[in-house]
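**Student:** Just dropping this structure here.
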Amino acid sequence: MTRAAHGDEAAPLLHPDRLFPADPATRRLARALHDAVADLPIVSPHGHTDPRWWGADEAFSDPAALFVTPDHYVTRMLVSQGVPFAALGIGPGAETDPRTIWRTFAAHYHLFRGTPSRMWLDDAMSRLFGIDRRLSAATADAAYDAIAERLARPDYRPRALYERFGIEAIATTDSALDDLSWHRKAREDGWSGRVVPTYRPDAVIDPEAEGFAANLDRLGGITGCDTGTWAGYLDAHRARRAVFAEMGATATDHGHPTPQTADLPPPEARALFDRVRAGRAGAAEAELFRAQMLTEMARMSCDDGLVMQLHAGALRGHSARVRRDHGPDRGFDIPVPVSFPQALRPLLDAVGFDPRLRLILFTLDEGTYARELAPLAGAWPCLRLGPPWWFHDSYEGMRRFRESATETAGLLNTVGFNDDTRALCSIPARHDVARRVDSGWLAEMVVTHRLDEEEAFEVAPLLAHDLAREAYNL
Amino acid sequence: MTRAAHGDEAAPLLHPDRLFPADPATRRLARALHDAVADLPIVSPHGHTDPRWWGADEAFSDPAALFVTPDHYVTRMLVSQGVPFAALGIGPGAETDPRTIWRTFAAHYHLFRGTPSRMWLDDAMSRLFGIDRRLSAATADAAYDAIAERLARPDYRPRALYERFGIEAIATTDSALDDLSWHRKAREDGWSGRVVPTYRPDAVIDPEAEGFAANLDRLGGITGCDTGTWAGYLDAHRARRAVFAEMGATATDHGHPTPQTADLPPPEARALFDRVRAGRAGAAEAELFRAQMLTEMARMSCDDGLVMQLHAGALRGHSARVRRDHGPDRGFDIPVPVSFPQALRPLLDAVGFDPRLRLILFTLDEGTYARELAPLAGAWPCLRLGPPWWFHDSYEGMRRFRESATETAGLLNTVGFNDDTRALCSIPARHDVARRVDSGWLAEMVVTHRLDEEEAFEVAPLLAHDLAREAYNL
Amino acid sequence: MTRAAHGDEAAPLLHPDRLFPADPATRRLARALHDAVADLPIVSPHGHTDPRWWGADEAFSDPAALFVTPDHYVTRMLVSQGVPFAALGIGPGAETDPRTIWRTFAAHYHLFRGTPSRMWLDDAMSRLFGIDRRLSAATADAAYDAIAERLARPDYRPRALYERFGIEAIATTDSALDDLSWHRKAREDGWSGRVVPTYRPDAVIDPEAEGFAANLDRLGGITGCDTGTWAGYLDAHRARRAVFAEMGATATDHGHPTPQTADLPPPEARALFDRVRAGRAGAAEAELFRAQMLTEMARMSCDDGLVMQLHAGALRGHSARVRRDHGPDRGFDIPVPVSFPQALRPLLDAVGFDPRLRLILFTLDEGTYARELAPLAGAWPCLRLGPPWWFHDSYEGMRRFRESATETAGLLNTVGFNDDTRALCSIPARHDVARRVDSGWLAEMVVTHRLDEEEAFEVAPLLAHDLAREAYNL
């Protein structure tokens, strides 16, 4: 058994063989493969940790603020069973006592049975906070106290956790309008951690984003470019991308409702921008503008080398009431059907054979793995498949990904793991789940003689570490 | 090993370990979990048993009428291999001798290898009728005689079977126009069985239903409401729902081509009703009316507490000839792609946070489990996921459901099992299949350390019994 | 262990238990089932071997021409990782030295880990060419020499391989305009092999096919029919089908973008043909014409008995540049979503109950297996399900097919295996993979008591051999 890599004590809530196949011979091999990768450093090329954590390095205030209120995986499940948002400290009339919020959470902890959240939470409570009884109404206070006590310690501040978790590099996701001041602060402090921003320009690319026109004005102000013109607007992107790259960014990220791309002749693109800029674009033109901008972003990636990520297919803010009262990222974003081949064609025909481009695709519609994404990534040199995203960042989700994508895309057209998290303490747990699932899957490949054992030992560290670093140029 | 719960003798056609995982340790645990739930009473909150069975309690006429002619799972498979409907006693020129029909069925019994029908039929013949050789041309007559002999006995009449099967409550599915006389008869007889109706108003909601205008006239006649006006039409629904509830109904059921909902301003709804009522609605308006009525039904559920079920996505009567010659429910209903998030939005924005609403969703498009339904049910407090429906009421179908939905929806946003059957003798078999598959799945969850063993023993009776009772307020 | 059926020596690259389930008891049974079918003759009712091979019986020129350049599974994967087409001997500036091409291939052989190509290639190199070390840069030259040496031998010419592989019958796929001269040559030579053509009329049915008008002129020239009129055009099809049948064809094959069918009244069909013939049809009319022609082909199948195959849902030539520089079948054909029920309705309502029709459906959109195809094939007497196609001709693809389709379609509504290959040496490997996967699946059915052991031994040869022969009338 490997040492408990990212924690500092035994973990009674976690079985050392968790997530390994049941068959004894396969399990033995899975264990050996996991042993070989469990302690590799963490490369986290895509996620949503708060840059302020890294820049300010302040202590987390309390267990509820760490584990409950900001975690949409957690809050949505409680809401789905009738717990009001307010009881979780969110929105009008919100509960303000963290211990009360924590007790509500603890009393409903059984709801997470069979979910990835339960694995991540058990892992963090167990390995990071030394808790040895599963959370429930009965254990709520003891757990609260144990966590609160450690959160006050200097070795539980963000930068200390970075070290404790064995992180080698981590990317945040940042608005094109962000001044990256916390990244700058971390750098100026001379801190050795590698935290890099990611250029996420949705707010200045999506004409349907809130405050789009004002955002473009701000973009002009920040860059000194004339965002009233198509040329100036593109220059402003180039300028911001350069600033991000200078601060260590190696990638961009694009969260679009669909993966539609377009490659309009320049005069048409210019005319479209003019309508969009004037606020005269309808839904179809907004979609076309987003589509055109993906191709523009790909062209810029050819020039500046930033790896491009596309996350498409989520219907954001499914409940009008939740959107209005509680804002975005509250667990009411719902995936919808998506299809890539026709949508990506304009971009790919424009720059798909440019050796400088790398475009990583993510999906929430798992039917696209075998039908579309693996065939695309197994042909176009610029394409890679991102790991299972969001709801699919789970045991079954990862299994389905490997089983659906590998035969057609191969392994080297994938990019390792993303933790994609807003929950700092879930990082080691998420990477460990991925390493365990991949170890189990590789073991099955060997036992069914689809891969030699020595090949599996060669592949395991690629999946756990190397591919992420290479794919994202980290 | 548990006693053969719902039968009265040994069952040589059934292996005691059927449907349990192959791995020996996992199988042992699956067996123990199944032992703990095998004898729990059956709660059957959704199905299509004939109310006359329960009201009249007559003997079934013969084995063909019990097992062949009315079972579309059976007839479709034989038709698919060239057996004419007529040979199965259906339609023009139909064979009338039940033994001849039975022999045709028996001679083709090998067609059912690998299908759930084979499991259900083997179970019924074996446990209920004491047959110990698998059906074939060679055993046809012996099986026929064995079944016919018992069907004549009083302890094989419907109410006796209800007791024998250990049913605690069973719901039928009934037209809004049904007078519920058989339910009334069962009640008036003082019979202790709990058979409740379900309000299924498709015939008075779907403008494309046969005889829609006449149906609305009848609805008006039955209720004394003026179904010539929107207000009167809604009142008529309220009145019928109240009658159903008075007869024990706890739920409504809606079989729509799509899950589309709408929430029109009242004047528009009224105008739409007027066009629909006048027979002037085209296909798009018919769809919009069905959509609007789902939201109206949800509103009424808030008021009267009836749980709402939505079964969407079947293309009914795929063959014009079968529809014409043999009527509905002949196995030619074919699922089509479906998508829920946009479709449900109007209804959910209207009443999705009303704590009095429960809406249970069913799908035939399994891609929606992980992509849409689990995310929706894991967020909206009114939503629950119905069990695998129709073609997916099977070993593989149930596995896919658990594996696709649990991680995102959790377990408590599901509602246990529905047998959904028209075949009385299949009821214990279907529930047993579900209990076995869930036991096997839970055992794998434990062996891979995704659930503790004591948790699995806590969850198993929920899935087998409690969730159905609770979700349907039975 | 069975003898190494189609090869002449031991095969160190291949484990005798490959692709069998991990559980020891299940594996033992899988092995026994495979032993029972491993040496059955190969029936290959659908594929793309070059008729010239069989007619001319020439030696293959070199290992690269045999294994690399024409195999789009191979070239796409190398291209996806940055290898230029030219380095593989394809397109402008192509490398012409076969050994250099081979070395490029060998140096990238690790890319195929986990893919079916790796299984097929290992099998052919190992069992056919006696190679005992896995291909790599280090073994490239030795493998090249070993293959080249044997290719020069008379017992490695196509007809000898036919015998060596134990082929009983094999179908090629041939343009409606093909003169079938190589088939004729094989017959005239008095060769005992059974190589039959398949009528593939896409080039004279798809108005969007390159050279469509000229193709119709040629069709008229070949048949003496007036392909300027709808009646003459249909007659020309009848004439060509008769010629194909006379040369042994038992089937037609239709590769359409969608499975849309239509059944227009004759005057409308005639008018549509006139517009199509005149080159005045837009995209929608082209689609309608293809749709109408599927129904016409089905009608002709009723008359002449040719089994009809429909392969729908591939977006051909996804890259404009690859299409232009390297032509079709270069690995840039990408599946798109597809739906069958509405699309097939016109054809099925026209001839779906005609006992003379058999229509075999193939899909690249695996979501359709359980949702649509199994329900359709389990009802309509004319329909059968083709085996997993193209990207899904793989371990996982075959598993998903059996698990998704069997419960609803049964086994006898499937048609056994197609190798569908352009790569002659992959034939035995592909059939062996299918037999192994099916043996493993049947073993699991038995171990989980969904099938009796003697039934599994009855079913295994059906899946491996008999169903293909029967379904295709071979």
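Residue numbers (this note's numbering), protein chains in the order written: chain A, 4 to 477; chain B, 4 to 477; chain C, 4 to 477. All C-beta atoms in this analysis are idealised placements derived from N, C-alpha and C, irrespective of residue type, glycine included.
If residue 413 of chain B sits next to residue 470 of chain B, beta carbons under 8 Å apart, how far is it from one beta carbon to the other, in whole angstroms?
**Tutor:** Reading the second sequence from its first residue, position 410 is the one you call residue 413 of chain B. Reading the second sequence from its first residue, position 467 is the one you call residue 470 of chain B. The pair is not a contact, with the Cβ atoms about 12 Å apart (cut-off 8 Å).
**Student:** Could you tell me which chain B residues have their CB closer than 7 Å to the CB of residue 83 of chain A, listed as they occur along the chain?
**Tutor:** Your numbering for residue 83 of chain A matches position 80 in the first sequence. Those are 380, 381, 382, 383, 384 and 416, listed as they occur along chain B.
**Student:** What distance in whole Å lies between the Cβ atoms of residue 348 of chain B and residue 321 of chain A, which are believed to be in contact at a cut-off of 8 Å?
**Tutor:** For this step, residue 321 of chain A is matched to residue 318 along the first sequence. For this step, residue 348 of chain B is matched to residue 345 along the second sequence. Going by Cβ atoms, the distance from residue 321 of chain A to residue 348 of chain B rounds to 7 Å, so yes, they are a contact pair.
**Student:** With distances taken between CB atoms, is the gap from residue 370 of chain C to residue 416 of chain C smaller than 8 Å?
**Tutor:** Locating residue 370 of chain C in the third sequence gives position 367, counting from the first residue. Locating residue 416 of chain C in the third sequence gives position 413, counting from the first residue. It is not a contact, given that the beta carbons lie outside the stated cut-off.
**Student:** According to DSSP, is residue 365 of chain B part of a helix, a strand, or is it coil?
**Tutor:** Taking the second sequence and counting its residues from 1, one reaches residue 365 of chain B at position 362. It is a strand residue.
**Student:** I'd like to know whether the C-beta of residue 466 of chain B is nearer than 8 Å to at least one C-beta of chain A.
**Tutor:** Mapped onto the second sequence, residue 466 of chain B falls at position 463. No, residue 466 of chain B lies away from the interface with chain A (no Cβ there is under 8 Å from its Cβ).
**Student:** Keeping to the same chain, check which residues put their C-beta closer than 7 Å to that of residue 291 of chain B; ignore five residues upstream and five downstream.
**Tutor:** Start at 1 with the first residue of the second sequence, and residue 291 of chain B comes out as number 288. For residue 291 of chain B, where only same-chain residues beyond five positions count, the Cβ hits under 7 Å are 265 and 275.
**Student:** In its own chain, which residues sit with a C-beta less than 8 Å from the C-beta of residue 307 of chain A, not counting the 5 before and 5 after it?
**Tutor:** Your numbering for residue 307 of chain A matches position 304 in the first sequence. Same-chain partners within the cutoff: 241, 244, 245 and 248.
**Student:** Quick one: what's residue 47 of chain C bridged to in DSSP?
**Tutor:** Residue mapping note: residue 47 of chain C aligns to position 44 of the third sequence, counting from 1. In the DSSP output, where bridge partners are listed per residue, residue 47 of chain C has C/173.
**Student:** Name the chain A residues whose beta carbon is nearer than 9 Å to that of residue 471 of chain B?
**Tutor:** Position 468 of the second sequence, counting from 1, holds the residue named residue 471 of chain B. Within 9 Å Cβ-Cβ: nothing; residue 471 of chain B doesn't reach chain A, min ~17 Å.
**Student:** Along the chain, where does the beta strand (DSSP E) containing residue 240 of chain C start, and where does it finish?
**Tutor:** Within the third sequence, residue 240 of chain C is the residue found at index 237, counting from 1. Looking at the DSSP string, residue 240 of chain C is not in any beta strand (DSSP E); the run it does join, the alpha helix (DSSP H), is 233–249.
**Student:** According to DSSP, is residue 104 of chain A helix, strand or coil?
**Tutor:** Position 101 of the first sequence, counted from the first residue, corresponds to residue 104 of chain A. Residue 104 of chain A: helix per DSSP, three-state reduction.
**Student:** Does DSSP put residue 226 of chain B in a helix, in a strand, or in coil?
**Tutor:** What you label residue 226 of chain B is simply residue 223 of the second sequence in a count that begins at 1. If DSSP states are grouped into helix, strand and coil, residue 226 of chain B belongs with the helices.
**Student:** How many angstroms separate the CA atom of residue 460 of chain C from the CA atom of residue 394 of chain B?
**Tutor:** Counting from one through the third sequence, the residue named residue 460 of chain C turns up at place 457. Counting from one through the second sequence, the residue named residue 394 of chain B turns up at place 391. If I take the Cα positions, the gap works out to 26 Å.
**Student:** List, in order along the chain, the chain A residues whose C-beta lies closer than 7 Å to that of residue 397 of chain C?
**Tutor:** On the third sequence, residue 397 of chain C is found 394 positions in, with the first residue counted as 1. Correct list: 410.
**Student:** Contact between the segment 174–185 of chain C and the segment 141–148 of chain C: three or more CB pairs below 8 Å?
**Tutor:** Touching, no, given that fewer than three Cβ pairs across the two stretches are closer than 8 Å.
**Student:** At 8 Å on the CB atoms, spell out the chain B contacts of residue 339 of chain A, in chain order.
**Tutor:** Counting from 1 along the first sequence, the entry for residue 339 of chain A is found at position 336. Going along chain B in sequence order, the residues near residue 339 of chain A (Cβ under 8 Å) are 342, 344, 345, 374 and 375.
**Student:** Which residues of chain C have a Cβ atom closer than 9 Å to the Cβ of residue 304 of chain B, listed in chain order?
**Tutor:** Counted from its first residue, the second sequence places residue 304 of chain B at position 301. Within chain C, no residue comes near residue 304 of chain B; the closest Cβ sits about 29 Å away, beyond 9 Å.
**Student:** Measuring CB to CB, does residue 450 of chain C end up less than 8 Å from residue 52 of chain C?
**Tutor:** Residue numbering aside, residue 450 of chain C sits at position 447 when the third sequence is read from its first letter. Residue numbering aside, residue 52 of chain C sits at position 49 when the third sequence is read from its first letter. No, the pair does not count as a contact, with Cβ atoms beyond the cut-off.
**Student:** Can you pull the chain C residues whose beta carbon is under 8 Å from the beta carbon of residue 368 of chain B, in chain order?
**Tutor:** Looking up residue 368 of chain B in the second sequence gives position 365. Those within 8 Å of residue 368 of chain B in chain C are 370 and 374.
**Student:** According to DSSP, which residues form a beta bridge with residue 178 of chain B?
**Tutor:** Within the second sequence, numbered from 1, the residue matching residue 178 of chain B stands at position 175. Residue 178 of chain B pairs with B/203.
**Student:** Spell out whether any CB of chain B is found under 8 Å from the CB atom of residue 80 of chain A.
**Tutor:** Taking the first sequence and counting its residues from 1, the one referred to as residue 80 of chain A is at position 77. Chain B, which has a Cβ nearer than 8 Å to the Cβ of residue 80 of chain A, makes this yes.
**Student:** Taking residue 376 of chain B and residue 367 of chain B to be in contact with their CB atoms under 8 Å, please state how far apart those CB atoms are, rounded to whole angstroms.
**Tutor:** For the purposes of this step, residue 376 of chain B is taken as residue 373 along the second sequence, with counting starting at 1. For the purposes of this step, residue 367 of chain B is taken as residue 364 along the second sequence, with counting starting at 1. 12 Å between Cβ atoms; not a contact.
**Student:** Step through the CB atoms of chain B and report whether any lies within less than 8 Å of the CB of residue 65 of chain C.
**Tutor:** Counted from its first residue, the third sequence places residue 65 of chain C at position 62. No - not a single Cβ of chain B is within 8 Å of the one on residue 65 of chain C.
**Student:** Tell me whether the segment 180–193 of chain A and the segment 48–66 of chain A touch, counting them as touching only if at least three CB pairs, one residue from each stretch, are closer than 8 Å.
**Tutor:** Segments in contact, yes.
**Student:** Flag this pair as yes or no: are the beta carbons of residue 428 of chain A and residue 69 of chain A separated by less than 8 Å?
**Tutor:** Numbered from its first residue, the first sequence carries residue 428 of chain A at position 425. Numbered from its first residue, the first sequence carries residue 69 of chain A at position 66. Against a cut-off of 8 Å, the Cβ pair of residue 69 of chain A and residue 428 of chain A comes out as a contact.
**Student:** Would you check if the distance between the CB atom of residue 155 of chain B and the CB atom of residue 301 of chain B is smaller than 8 Å?
**Tutor:** Within the second sequence, numbered from 1, the residue matching residue 155 of chain B stands at position 152. Within the second sequence, numbered from 1, the residue matching residue 301 of chain B stands at position 298. In this structure, residue 301 of chain B does not lie closer than 8 Å to residue 155 of chain B by Cβ.
**Student:** Taking the straight line between their C-alpha atoms, what separation do you get for residue 201 of chain C and residue 424 of chain C?
**Tutor:** Taking the first residue of the third sequence as 1, we reach residue 201 of chain C at position 198. Taking the first residue of the third sequence as 1, we reach residue 424 of chain C at position 421. Taking the straight line from one Cα to the other gives about 14 Å.
**Student:** Taking 8 Å as the threshold (C-beta atoms), are residue 32 of chain A and residue 446 of chain A in contact?
**Tutor:** The residue given as residue 446 of chain A occupies position 443 in the first sequence. The residue given as residue 32 of chain A occupies position 29 in the first sequence. Yes. Within cutoff.
**Student:** What are the start and end residues of the alpha helix (DSSP H) that includes residue 1 of chain B?
**Tutor:** An answer regarding residue 1 of chain B cannot be provided, because it is not within the stretch 4 to 477 covered by chain B.
**Student:** Look at the alpha carbon of residue 12 of chain C and the alpha carbon of residue 432 of chain C, and state the distance between them as a whole number of angstroms.
**Tutor:** Numbered from its first residue, the third sequence carries residue 12 of chain C at position 9. Numbered from its first residue, the third sequence carries residue 432 of chain C at position 429. Note that residue 12 of chain C has pLDDT 46, beneath the 50 cutoff, so the model's placement of it is unreliable and the number below is only indicative. If I take the Cα positions, the gap works out to 15 Å.
**Student:** Keeping to the same chain, check which residues put their C-beta closer than 7 Å to that of residue 43 of chain A; ignore five residues upstream and five downstream.
**Tutor:** As a first step, residue 43 of chain A is located in the first sequence; it is residue number 40 there, counting from the start. 464, 467 and 468.
**Student:** Does residue 119 of chain B come within less than 8 Å of chain C when only Cβ atoms are used?
**Tutor:** As a first step, residue 119 of chain B is located in the second sequence; it is residue number 116 there, counting from the start. Chain C contact via Cβ: present.
**Student:** Since residue 398 of chain B and residue 440 of chain B should fall inside the 8 Å C-beta cutoff, what is the C-beta to C-beta distance between them, to a whole number of angstroms?
**Tutor:** By 1-based counting over the second sequence, the position of residue 398 of chain B is 395. By 1-based counting over the second sequence, the position of residue 440 of chain B is 437. With a Cβ gap of about 6 Å, residue 398 of chain B and residue 440 of chain B count as contacting.
**Student:** In chain order, what residues of the same chain have a beta carbon less than 6 Å from the beta carbon of residue 198 of chain B, not counting five sequence neighbours either side?
**Tutor:** For the purposes of this step, residue 198 of chain B is identified with residue 195 of the second sequence, where counting begins at 1. Same-chain partners within the cutoff: 57, 173 and 189.
**Student:** With a cut-off of 8 Å on the beta carbons, I'd call residue 105 of chain C and residue 67 of chain C a contact; round off their distance for me.
**Tutor:** Here residue 105 of chain C corresponds to residue number 102 of the third sequence, with the count starting at 1. Here residue 67 of chain C corresponds to residue number 64 of the third sequence, with the count starting at 1. About 5 Å separates the two Cβ atoms, so the contact holds.
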